[in-house]
Each structure stands twice: as structure tokens, then as C-alpha cells.
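Engineer: Mind looking over this structure? Questions follow.
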Amino acid sequence: MITLALSKGRIFDETLPLLAAAGIEVLEDPEKSRKLILPTNRPEVRVVLVRATDVPTYVEYGGADLGVTGKDVLLEHGGAGLFQPLDLRIAKCHMAVAVPEGFDYPRAVRQGSRITVATKYTSIARDFFADKGVHVDLIKLYGSMELAPLTGLSAAIVDLVSTGKTLKANHLLEVEHIMDISSHLVVNQAALKLKTAPIRNIIDAFAAVVAQAPETA
Ligand code: PRT
Ligand code: MG
Numbered sequence: 130m131i132t133l134a135l136s137k138g139r140i141f142d143e144t145l146p147l148l149a150a151a152g153i154e155v156l157e158d159p160e161k162s163r164k165l166i167l168p169t170n171r172p173e174v175r176v177v178l179v180r181a182t183d184v185p186t187y188v189e190y191g192g193a194d195l196g197v198t199g200k201d202v203l204l205e206h207g208g209a210g211l212f213q214p215l216d217l218r219i220a221k222c223h224m225a226v227a228v229p230e231g232f233d234y235p236r237a238v239r240q241g242s243r244i245t246v247a248t249k250y251t252s253i254a255r256d257f258f259a260d261k262g263v264h265v266d267l268i269k270l271y272g273s274m275e276l277a278p279l280t281g282l283s284a285a286i287v288d289l290v291s292t293g294k295t296l297k298a299n300h301l302l303e304v305e306h307i308m309d310i311s312s313h314l315v316v317n318q319a320a321l322k323l324k325t326a327p328i329r330n331i332i333d334a335f336a337a338v339v340a341q342a343p344e345t346a
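Counted from 1, the sequence shown has number 174 at position 45 by our numbering; the numbering is strictly sequential.
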């Protein structure tokens, strides 16, 4: 049996065409079913639905043989024990620093100053501000980061941005582009040794689709 870990929503949706190229069709719609294990047209392949942040953990410990996960999640997890063969170039967005409109960010990040930053991505934020030589007081949140500067919880946030509509709706401005983000295929290293051929087939089929796809922003 080959088990693939996916999260519901954009990652599941954008992985379907890659699976199709590997001859794999998921037989149930996760938006309609309550099942967490979904069968496919291939009896030896199944999909497990887990929270986006849990995908690397499932693959690391062998609860799944492979998975699809955002670079953001992967960096926060650390990637220990994971083989990362492929950038799938799906679920694209970027990691940014944002502050309220009118906030003097350049002044707040002058060498040697201190800034309070709320984020779900504490590891990425810590590394980014450390590289800039700015002292950062990080406040860990699990969602709705946009609210933090509006309530005085923090001066700035580090969050993912795709269209920019969420920032705009909350009167926040992007002041730093930290890194581009897309989703990657991750594989359990022991599973790759034990089930080399079927896992290789999936990696190769995904790689062929990625190679054909036009380069998009
Ligand atoms: O939603 P849930 O709490 O269950 O988990 P999750 O947010 O971790 O999962 P999901 O499915 O929302 O995101 C999975 C992966 O998609 C992330 O790990 C990213 O790699 C990728 N991705 C791509 C995004 C976005 N685009 C995105 N826009 N993840 C989140 N967002 C959020 C962002 O955090 C912000 O709140 O959308 C909002 C901004 O969107 P715009 O379009 O208004 O800029
Ligand atoms: Mg989400």
C-alpha cells in the first residue's frame, strides 16, 4: 500500500491533476465526504487527509509514505527525515512582513531596534529578522494574524500573501517580501527504500507535469 498525505482545500485541489498524470484518481470528494482515508482507482494507493501543518509529521514518522506540503510548513517543521525531491510549483504565494498603513517601518527596524511581530511562522520570522540585525519579540499565533496590529498586540505581522486582498481589507501594507512559497513533494526515506518502484513512478509522473507546466509568477 502507498499512502499519500494531503490537506483539504487548495493543496488537494491542485494535486489532483498531478495524480491524474500518474494514473491515480481519487474516488471521493473530501468536501462532501467525512472520510479521512480516501480510496483511489488504484487499490494499492490511498490518500489520507490531514491538517496542512501535520503533513510533514505524518510523512516523517511513516503514517504516510509521501505528502504534499507548503514550503512555509516545511521550513517551520525543519524537514528532518524527509526526502524532498520536487518543487510542485502549486499553491503559490509569498511570505511577507506587513504593518498598518502609516506605520514607520524603516524607523522600527533601524539597526539595534526592537519590533514586536505576530506570526504563525516563528522560525521563518526569527531567521529573517536575525539576518537584518533587528531584535524581534515574536508572538506565536495560529490564525488571523491580520488582527494583531489592529488591536495593538504587535507592530507587524509575518504572513502568507497571495492576492493581497486580505492585507488591503485590513488596512495593512506589505513592507518586506521574505520569500516565494510553493508546495513540495515530501517522501519518507525508509518508504522510498522499501517501495522504490511505485514511489519513483509517482515522483516521475509529477516531475513530468511540473516540467511541462508554463513558468508562472
Ligand atoms: O486553513 P487551515 O488552518 O486548515 O490550514 P492552513 O492555512 O495551513 O492550510 P491551507 O490549505 O489554507 O494552506 C495550505 C498551504 O497553501 C499553505 O501552507 C501555503 O503554502 C499555501 N497557500 C497559498 C496559502 C495561500 N496561498 C494563502 N493565501 N496559505 C494561506 N493563505 C492565506 C494567508 O495566510 C492569508 O490569511 O490566505 C490569506 C491571504 O490571501 P490573499 O489572497 O488575501 O493575499
Ligand atoms: Mg488556511
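Here a beta-carbon is modelled for each residue, glycine too, at the ideal position from N, C-alpha and C.
Nothing here was measured: the structure is a model prediction, and the numbers come from that model.
1. Distance, Cα to Cα, Pro146 vs Leu321?
2. Nearest CA to the CA of Thr89: which residue from Lys164, Ala340, Ala285 and Ile166?
3. The beta strand (DSSP E) that contains Val246, what's its start and end?
4. Identify every residue that forms a DSSP beta bridge with Leu133.
5. Could you check the C-alpha separation between Ile194 and Lys161 for me, to the nearest Å?
6. Should the stretch 198-209 be called in touch with the stretch 327-334, which here means at least 3 C-beta pairs below 8 Å?
7. Does at least one heavy atom of the ligand PRT sit under 8 Å from the Cβ of Glu160?
8. Write down the C-beta distance between Cys222 and Ile310 rounded to the nearest angstrom, noting that I regard them as a contact closer than 8 Å.
9. Would you call the CB atoms of Met224 and Asp288 closer than 9 Å?
10. Could you check if Ser291 belongs to the surroundings of the ligand PRT, using beta carbon to heavy atom distance under 8 Å?
Structural biologist: In short, the structure shows the following:
1. 23 Å
2. Because residue 89 is not part of the residues shown, which for the chain are 130 to 346, the question remains open.
3. Arg243 to Thr248
4. Under DSSP, the beta-bridge partners assigned to Leu133 are Val176 and Leu195.
5. A small correction: the amino acid at residue 194 is Asp; Ile does not occupy that position in the sequence shown. Answer to the nearest angstrom: the Cα atoms are 25 Å apart.
6. no
7. no
8. 5 Å
9. yes
10. Yes, the Cβ of Ser291 comes within 8 Å of a heavy atom of the ligand PRT.
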